[in-house]
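Protein chains in written order, with this note's numbering: chain A, 94 to 515; chain B, 569 to 1117.
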């Protein structure tokens, strides 16, 4: 251990001569080793918790979503073309296909995001802050698997520069950076990510033949040759036609058009809950997201107030909608309130997006209001607004903007209380 | 009588719940969502009726003055009655404060033996820097080589010439140490073996006016022991405080037990309280530990208003206690003292001499034997630590930090320094200048933390051997709500800190700057994920506000 430390300290670049290299070095060094700084003035001992640990806990909580998300990319692809229809059939192909789709997204998001972060840190002459650890891990999970990488790169750059660095970096941003990235794709490239038609990786539309599988690329070729050695099934050339009626509207879009009965016709409730449906990469599986939420709550990283009040807000609005829907079962309003939670991405938004401490309300009372309003507004956008089939992204960004206002009034109340006491 | 009450109330509650079940069963409902909703609504209405009726009952009891004694007149048992609040004292409810927020840092190296040892210190010193609100260069009235008696004036502030700072011991002035820009850092006195004391014109406490009393206290050297809030400064001689607050217990890590401190000096403590009672038109408040078994000197103290506190650190901080007893508002002036300061003031009248005696605790995992020591204000600690300190472990020399005070608010004085004026604790701590591989991800050694990402939260009785490593680098404020979890005050600490950083005076005042001193936010600084220096930010805010007047 000691020789490695010595070696690393020896190769430390000069701070003045090459600030960028030094920042880069510092970033990786503090990643590898916790710093040897000691307390000066003030308290003499410090809590073992720091921002790196806080952030990495959130990333760890997402890992289950990553695992299933990767597999599900492959599973949905093969299910669409009617091959290896069983969940565990063609396991290696589905996993390999998922990785081939996911890794480039993950790498591009991190290279672009961290690159910008490092550059700004070296310009400003301070240490690299850990904010992008979580943002970078969240972005791949909320993107469709087939998103062109250049669009991803542009949107990550937009989100990090305009959303975060322009406001002063980690801890200063108003809007949730990962959601800002997604909303950028949503409005700038609406055909790629509308949330209306389901996303299945590697499916293209041919004018004559209709939906069909794309030709597998060279990465699949490499995988094929490996699988060949073991005598396992291979990707082949691609071009298989999509099973009749497989692609189509998302559960939410069907619910908006034809009501709940139609949704359950097409998707089984178990699949919607367990997440074996097409969707953004990491937001489909409710139990695994709730596992992540549980980790965040047990470790005390995320605010239970935001999660609980968001659930209450969404549930109350959904119940109210049930009440006014009357007997019109084809209406989106009539979708049972509990079903609203396993359609779409409510839990993902609740566990990982709304609880971002920087963009949420910062007072405890404010957190109750903030979470409740996200739940209520999100449900209204989802059900009543025909333009957007899913509401959480917009509701959270909307309430991000209002969070400082909520805090302001909570603080004013505290100030008034203090004045009235005098 | 009281336990009967609980039984009746609890059975009432259960019968109510049971009643709902019976109704359900007899109606023979076959289930279904709507039925459950109806039953739920019924229970809700009943509960609302119950609570409204209960509140009316309580209001009525209050208006006719029946609940003066703190008896619970509600039909519902309060949580304290149900689970027992762990409060061992028998006191009226409105004088018992159970504080939920807070955190005890459980460190190794507590002094378990309450025997007080006598160890001779060679030199003693007074540091003008221990008092906030003085000019940097006070007027030193003694020269090096001059002999002084205990209680002789050694310096005063040129702007406050009436408040005298006196020598804690008799002996020879050894050195006047200067700090930056020729400021006076420390005046060191070599103690005589046989102590002699300065003679006073005795003052009759019952006949003296308040002004005469103040002049006497200021002249005799005990005045600087009184701190004034807001700002935590040297008490103003001209001011009449709204109230005076004394905390009789210390919840800081490894802090001394006040019962040991007051033992044998109960009479002087009471005399001190009587003197303080003359200085205010308000009350003298005692904050007493409700969880342990406090000394009779505190529980039987006369002419004071006693309040009992139960909670984790900082429940023993006087600032927290003031907040719950009678908070400081804009324009208020209150004074605060520690137990030993009160004893010193009392001794002036009971023994007729300037009594600088202090019982202090030597604590920390790096000591062979943590123990209590009887000495005087400003003692040099070299003799106390000699042969008691663990300097070498596993063949490696340990790098140590010696603090006057506790690990949250103390100051680094080195192994040959002098005890601070207000401190009653010496803490020895390991330095932590080491790199730890993936220290942020997989901590290999246990460390104190409030975070539940460390397994330590499952073992609350585990004692930690802490060091001075920062465990991370300074960052912008990111995590919210963590300060509020450890500070039992209705104050938004993070927002207050931000308002100080942007010089927003109105906000600072509104968010409760006046109620805080560094020691109160120290626990927040400890837990801070972003490693922000909250104590120094707060001091900056207090200084800015004080300059504004």
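Quick reminder that beta carbons are idealized off the backbone N, C-alpha and C, glycines included.
- The contact set of residue 220 of chain A on chain B, defined by CB atoms closer than 7 angstroms, consists of 1041 in chain order.
- The way I'd put it, the region 422–439 of chain A does touch the region 475–489 of chain A; three or more beta-carbon pairs between them come closer than 8 angstroms.
- For residue 686 of chain B, the enclosing beta strand (DSSP E) stretches over residues 684–686.
- Counting other Cβ atoms within 10 Å of its Cβ, residue 439 of chain A reaches 16 or more and is therefore classed as buried.
- Contact annotation for residue 450 of chain A against chain B: 1046, 1047, 1048 [CB-CB distance below 7 angstroms, chain order].
- Going by DSSP, residue 514 of chain A is part of the alpha helix (DSSP H) stretching over 485–514.
- Residue state for residue 875 of chain B is assigned as strand, using DSSP reduced to three classes.
- In terms of beta-carbon proximity, residue 438 of chain A stays away from the interface with chain B, with every pair separated by 8 angstroms or more.
- Out of B:977, B:985, B:1076, B:1013, the CA that lies nearest to the CA of residue 1092 of chain B is found in B:977.
- The beta carbon of residue 172 of chain A is closer than 7 angstroms to those of 178 in its chain, skipping five residues each way along the sequence.
- Residue 345 of chain A and residue 365 of chain A have their C-alpha atoms spaced approximately 11 angstroms apart.
- When the beta-carbon positions are compared, residue 176 of chain A and residue 167 of chain A stay at least 8 angstroms from each other.
- Inter-segment contact for the region 1060–1073 of chain B and the region 1088–1102 of chain B is present: three or more beta-carbon pairs are separated by less than 8 angstroms.
- Of the candidates A:100, A:108, A:377, A:377 places its Cα closest to the Cα of residue 160 of chain A.
- Residue contact with chain B for residue 515 of chain A: present (Cβ-Cβ distance below 8 angstroms to some residue of chain B).
- A Cβ-Cβ separation of about 6 angstroms places residue 146 of chain A in contact with residue 1021 of chain B under the 8 angstroms criterion.
- DSSP places residue 853 of chain B outside any alpha helix (DSSP H); the residue lies instead in the beta strand (DSSP E), whose first and last residues are 852–857.
- The Cβ-Cβ distance between residue 755 of chain B and residue 903 of chain B does not fall below 8 angstroms.
- Excluding residues up to 5 positions away in sequence, 499, 500, 503 lie with their Cβ nearer than 6 angstroms to the Cβ of residue 459 of chain A in the same chain.
- Residue 740 of chain B has B:715, B:758 as its beta-bridge partners, per DSSP.
- Excluding the 5 residues flanking it on each side, residue 332 of chain A has same chain C-beta neighbours closer than 7 angstroms at 305, 306, 308, in chain order.
- For the region 997–1023 of chain B, the beta-carbon criterion of a distance under 9 angstroms to any beta-carbon of chain A is satisfied by 997, 999, 1000, 1001, 1002, 1003, 1004, 1005, 1006, 1007, 1008, 1009, 1011, 1014, 1015, 1016, 1017, 1018, 1019, 1020, 1021, 1022.
- Just measuring C-alpha positions, the residue of A:220, A:226, A:217, A:163 sitting nearest residue 188 of chain A is A:163.
- For chain A, the residues of the region 961–984 of chain B that bring a beta carbon within less than 8 angstroms of one of its beta carbons are 969, 971, 975, 976, 977, 978, 980, in chain order.
- According to the DSSP assignment, residue 275 of chain A belongs to the alpha helix (DSSP H) that extends over 270–281.
- With a threshold of 8 angstroms between beta carbons, residue 129 of chain A makes contact with chain B.
- The C-beta separation of residue 722 of chain B from residue 709 of chain B comes to about 6 angstroms, placing the pair in contact by the 8 angstroms criterion.
- Only residues of its own chain outside the window of five on either side were considered, and among them 756 have a CB closer than 6 angstroms to the CB of residue 743 of chain B, listed in chain order.
- Straight through space, the alpha carbons of residue 792 of chain B and residue 919 of chain B are spaced by roughly 19 angstroms.
- Contact annotation, residue 690 of chain B with residue 753 of chain B: C-beta distance approximately 19 angstroms; criterion of less than 8 angstroms not satisfied.
- The shortest CA-to-CA distance from residue 128 of chain A to any of B:615, B:1004, B:1055, B:970 is the one to B:1004.
- Contact between residue 215 of chain A and residue 106 of chain A does not hold, since their C-beta atoms are separated by about 11 angstroms, which reaches or exceeds 8 angstroms.
- Between the region 866–877 of chain B and the region 763–776 of chain B there are fewer than three C-beta pairs closer than 8 angstroms, too few to call the two in contact.
- For residue 998 of chain B, DSSP records a beta bridge to B:968, B:1035.
- At a cut-off of 8 angstroms between beta carbons, residue 1094 of chain B contacts chain A.
- Using a Cβ distance threshold of 8 angstroms, residue 719 of chain B and residue 818 of chain B do not count as a contacting pair.
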